[in-house]
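Residue numbers (the numbering used here), protein chains in the order written: chain V, 1453 to 1953; chain X, 1453 to 1953.
The beta-carbon is built from N, C-alpha and C at its ideal position, and this holds for glycine as well.
None of the values given here were measured: they were computed from a predicted structure.
There are 2 protein chains.
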Amino acid sequence: MTKLTFQEAYSELVKLSKKLSYISSLLSLSGWDERTYMPKDGYKHRAEAHAILGEYLYDEWTKDYVGELIEIAKSGDLDEIQRSNIYWWEKRYKEQKKIPKELLIRHIKTSTLAYHVWKEAREKDNFELFKPYLKEIIEILKEEAQILGYKNEPYDALIDRYEPEMTAQEIANIFNELKSETIRLLNRVKSSKKDFRSYVLKGHFDKEKQKEFCKFLLEKIGFDFNRGRLDETTHPFATRILPNDVRITTRFYEDNISSSIFGTLHEMGHAFYEMGLNEDYFGTPVGESVSLGIHESQSRFWENFIGRSLAFWELFYNDLKKFFPQFENVKLEHFYLAINEIKPSYIRVEADELTYNLHIILRFELERDVINGKLSVDDLRDAWNDKFEKLFGFRPRNDKEGILQDVHWSSEMGYFPTYTLGNLNAAQFFYKINEELGDIYKLVRKGEFKTIYEWLKEKIYQKGSLYKPQELVQNVTGERTNPKYLVKYLENKIEGLLSIE
Amino acid sequence: MTKLTFQEAYSELVKLSKKLSYISSLLSLSGWDERTYMPKDGYKHRAEAHAILGEYLYDEWTKDYVGELIEIAKSGDLDEIQRSNIYWWEKRYKEQKKIPKELLIRHIKTSTLAYHVWKEAREKDNFELFKPYLKEIIEILKEEAQILGYKNEPYDALIDRYEPEMTAQEIANIFNELKSETIRLLNRVKSSKKDFRSYVLKGHFDKEKQKEFCKFLLEKIGFDFNRGRLDETTHPFATRILPNDVRITTRFYEDNISSSIFGTLHEMGHAFYEMGLNEDYFGTPVGESVSLGIHESQSRFWENFIGRSLAFWELFYNDLKKFFPQFENVKLEHFYLAINEIKPSYIRVEADELTYNLHIILRFELERDVINGKLSVDDLRDAWNDKFEKLFGFRPRNDKEGILQDVHWSSEMGYFPTYTLGNLNAAQFFYKINEELGDIYKLVRKGEFKTIYEWLKEKIYQKGSLYKPQELVQNVTGERTNPKYLVKYLENKIEGLLSIE
């Protein structure tokens, strides 16, 4: 062992990392299958298969031998890529080593149980059912935060899992600015009493036709079906099985055309990131996506900044009419208005581009207080409702539309803020593209999506985890995540919408 | 280690065996995915994932520790199930230990290469291209046979992989009788100059309609879609991912209705075996299918003995007409005649119930001579053509329709005879069912497939590998595989067919 040179140790680590990635790929495939084609009763044994392989992956990466290899490799004269890989490997190794296996298993088991109870509680609209499980999850998360360690406050340790090196304080600073600006813009919309004509989206939309139209859009934008698929599911997601095999899913409501279209574009954004990673580095961090906040920036970019733009529908509205002749008598501008309707609502996943972030800010602030010990689970529901009323101006009528609406808290905290970080980063990248490639909507109108994709691929996708998330944002845009870009974008968009007759 | 009791050692083995089965299940899923939904370019990395997990499974089962556990467990006072599991575990352990890893890898690599060359050679109708690879494969197989050891002749060692404890000599005895009887029956058909009216099957059959009809049949027969699926593929297969997740595939030709129907029933038979295994023993031999000759007996039973019977179509012909009105003017008896046309042909997979076995006997005799060193690869093509002419009365016009038609020899020998063993066992079970349940076709006419399935489940499926294949046949039918049942069945069937006006 001590005879290994740092290059040999590094090679060993590459080999192991790749091996475990190949094995994980079968878990990803199985996860995709569970949510698309698995027969109903197949779940009974599937969880066991996942647990066994999951444990194997954990065991392999927490062997002392891995730590020794990292120590040797670190000591060498490394290039940028090697340094980055070792940074992430060491981080993963140390974190996994710190968490005792019993705690890990307790977390997984409690989550599984809590998930089922959450579903029942939501159905029965009864938070009290879920509360003891939420308490247990939060105890586990607090314990993990203590074990992992943190910069300023326990909540930092949880954020770091999804957005490495980001702190709750930095997020709070960003979110506070975004919050006041969002409320200002929301008041602007409210006082305008604008009719967004959402009724033009009502009607019956054949499922097969929707599927065809979504595939049509994907092909036009440049989604490579030799390297990917589109399937149907209940809760849409994107997943990379392996390089050259990236799959997206969507759902089809026959009374709602926008769910499948924008769901597809959202997952396509995630898929573009995965498809654009550097295949040569597959199985090592430099060949993997870097954080949820960056990942979400891509889904939001393609869904909202591109997909909900007027330019996009100037290009595709005639095609949409061919698939759905009911739009024949609807003016393009009115369709554009309808798909961008701003309307505060109880439910996060149904929110528009503007109010979505208020939902996230609410969750972020509550999570932070809970994990830092400033708010007890017993007071959480009231805190939710009070805060919601303050932000939105009305109060949830029940738990289903309030604290029970999201699945996340049955297993995790720290995840939510990455959704809004995604929106913020998307806006920041959007303005950079406009600066470097000229008016992006000119490209969209001409269907030149490839130019946009190639820019993102070169600047973001190909970098993988070479840089930490905020380093990447800095490298691409010249500064860290800054709320002014999203505010500017929303302000422009809203003024445009309000000016439509 | 020496402190383990035999019960503890046995439990350890159960745990390991189950663990590896769960891991294998993800390989099965990936195999299914490759042949159904995987995007075209996905293959590039998938093979690597399979190789890595395959090597892991091999390594785990060949650890000395496994051998030690087996030794301890063997020494105890075991029940029937434990004895059986240990028998198969020891067999697998010893065989895997004997084959050096280099040889294993050489076999896998040569097969992969040979498969691609075979495809090209078949396309170009040029056996010479394939010959050097076939030589190499046969060298490897001969070497493996020597290492594994055998009872009478090297070929035994290869047969044993698919049909444990069966010998070439026993198969030869069975096949010789079957051969002369088949030729006798074939001459009877030839001299009758019967018109099987195969033209009634000609026409255009919408693919979606075929799919619906196949699903309709599966539901009627009792295929549980909560525990299984039907999908489309190029080369149909059945696969169990896990208990409660058994998947079948078929192909649809729009100018041929019988391919999808009988392909589906064939794979359904394989699926029934897998679905009927004892779930409590999943992951151990007693919970697994015992041999290909038994497996194939189930696919042939449901495809031919049930699916191609007059009784079956008495039940379903009106439904078929609803799906495909073109049969409105075709008499049931003529449809029955057409789906049972006896017509010698060059291609095994297109062969009818009678001549199919001649194709197998040809391959069995050639394989036996090649592996036992009595026939060289240089003489194999001529030997094929000579033997074919002797059996069928006409000579292959080219290699595509001759020695290059099957994929099997790009990796294996010893597999082919199990197809005919399947036919023989199916017939033997068929007569036993008639004896124990009364006229099986009465049940079929009433749609009482469940009664038949339950009989097979109790007698065969639930036994898994508790007994060796010939022990199982003996237990179920009172004797080892005996060709007289298949001959009797074919004779009856043919007389019936010839008597139709």
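Where residue i meets chain V, residues with beta-carbon distance less than 9 Å
i       : result
X:L1694 : G1494, K1496, H1497, R1498, E1500 and A1501
X:F1677 : P1491 and K1492
Within chain X, the residues that residue i reaches when beta carbons sit closer than 7 Å
i       : result
V:G1680 : P1491
Close-in-space but distant-in-sequence residues of the same chain around residue i (CB under 7 Å, 5 per side omitted)
i       : result
X:L1472 : L1509, E1512 and W1513
X:V1925 : N1877, Q1880, R1932 and T1933
V:G1519 : Y1545
X:I1885 : I1892, I1904 and W1907
X:R1815 : F1868
V:K1954 : Missing from the structure shown is residue 1954 of chain V; chain V here goes from 1453 to 1953 and no further.
X:V1896 : I1758, S1761, A1763, F1764 and L1767
For residue i, the nearest candidate out of the options (CA to CA)
i       : options                               : result
V:R1932 : V:G1745, V:D1608, V:Q1598 and V:S1712 : V:G1745
X:F1868 : X:S1828, X:S1632 and X:L1610          : X:L1610
X:L1638 : X:N1875, X:W1907, X:F1844 and X:K1940 : X:F1844
V:L1818 : V:K1646, V:A1624, V:A1835 and V:D1577 : V:A1835
V:K1902 : V:G1674, V:R1574, V:K1642 and V:S1632 : V:G1674
X:R1649 : X:E1785, X:W1861, X:V1928 and X:Y1585 : X:E1785
V:R1574 : V:V1928, V:V1859 and V:L1942          : V:V1859
V:F1665 : V:Y1539, V:K1826, V:N1944 and V:S1712 : V:S1712
V:G1528 : V:L1456, V:E1572 and V:K1774          : V:L1456
V:I1693 : X:M1490, X:S1951 and X:W1484          : X:M1490
V:I1533 : V:I1626, V:G1739, V:K1659 and V:D1658 : V:G1739
V:E1596 : V:P1688, V:L1895 and V:R1613          : V:R1613
X:A1461 : X:R1760, X:W1541, X:E1500 and X:L1670 : X:W1541
X:D1771 : X:Q1662, X:S1951, X:Q1922 and X:Y1913 : X:Q1662
V:F1657 : V:K1642, V:F1668 and V:N1708          : V:N1708
X:T1488 : V:G1601, V:R1681 and V:F1764          : V:R1681
Chain X within 9 Å of residue i, Cβ atoms only
i       : result
V:S1482 : yes
V:L1670 : no
V:S1751 : no
V:Y1508 : yes
V:F1689 : no
V:D1683 : yes
Bridge-paired residues (DSSP) for residue i
i       : result
V:R1692 : V:V1698
V:G1680 : V:V1698
X:Y1705 : X:N1708
Residues that residue i contacts on chain V, provided the C-beta gap is smaller than 8 Å
i       : result
X:N1474 : Residue 1474 of chain X is actually Tyr in this sequence, not Asn. Residues of chain V passing the Cβ test: H1497, E1500, A1501, I1504 and L1505.
X:K1471 : I1504
X:D1697 : M1490, P1491, D1493, G1494, H1497 and R1498
Where residue i meets chain V, residues with beta-carbon distance less than 7 Å
i       : result
X:S1477 : A1501
Proximal residues of chain X, C-beta to C-beta of residue i below 8 Å
i       : result
V:D1511 : Under the 8 Å cutoff, chain X gives no residues; its nearest Cβ is about 12 Å from V:D1511.
Minimum Cβ-Cβ distance from residue i to chain V less than 9 Å
i       : result
X:F1846 : no
X:F1734 : yes
X:D1485 : yes
Close-in-space but distant-in-sequence residues of the same chain around residue i (CB under 8 Å, 5 per side omitted)
i       : result
X:S1741 : Y1725, E1726, L1729, H1747, G1916 and S1917
V:L1630 : N1809, I1813, T1872, L1876, P1935, L1938 and V1939
V:P1921 : E1615, P1616, E1617, M1618, V1742, S1743, G1745 and I1746
Cβ neighbours of residue i in the same chain (closer than 6 Å, five flanking residues each side left out)
i       : result
X:A1690 : I1700, E1719, H1722 and A1723
V:F1734 : P1695
X:L1481 : I1693
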